[in-house]
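Participant: Here you go, one structure.
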């Protein structure tokens, strides 16, 4: 398998990512907690992820999300 690398100048690095959830006709089902089988909430993700990443993950309204 051939490997490719793309080198970007600093001004070419993306500043935002596109959130497809904002354009879906129906919302995605939330992920389930493996122990309780209930939808997970931000408090379940907090031990693993920083809060700004959790906010990005649960955001279903904004099409463009700033990359921190």
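Numbering (this note's numbering), first residue to last: 1 to 68. Beta carbons: idealized from backbone N, C-alpha and C, even for Gly.
(1) Work out the CA separation of residue 28 and residue 38 for me, nearest whole Å.
(2) Counting only the same chain and skipping the five closest in sequence on each side, list residues whose C-beta sits under 7 Å from that of residue 14.
(3) So, helix, strand or coil for residue 25, using DSSP?
(4) Output the distance between the C-alpha atoms of residue 65 and residue 36, rounded to the nearest integer angstrom.
(5) Enumerate in chain order the residues of its own chain whose CB-to-CB distance from residue 73 is below 6 Å, with the five nearest sequence positions on each side excluded.
Facilitator: By the coordinates alone:
(1) Taking the chain shown and counting its residues from 1, one reaches residue 38 at position 38. Taking the chain shown and counting its residues from 1, one reaches residue 28 at position 28. Whole-angstrom Cα-Cα distance: 15 Å.
(2) Locating residue 14 in the chain shown gives position 14, where the first residue counts as 1. Only 67 meet the Cβ criterion.
(3) For this step, residue 25 is matched to residue 25 along the chain shown. In this structure, residue 25 counts as coil in the three-state DSSP scheme.
(4) Here residue 65 is taken as the residue at index 65 of the chain shown, counted from 1. Here residue 36 is taken as the residue at index 36 of the chain shown, counted from 1. C-alpha separation (whole angstroms): 30 Å.
(5) Because the chain in this structure spans residues 1 to 68, residue 73 falls outside the shown range and cannot be described.
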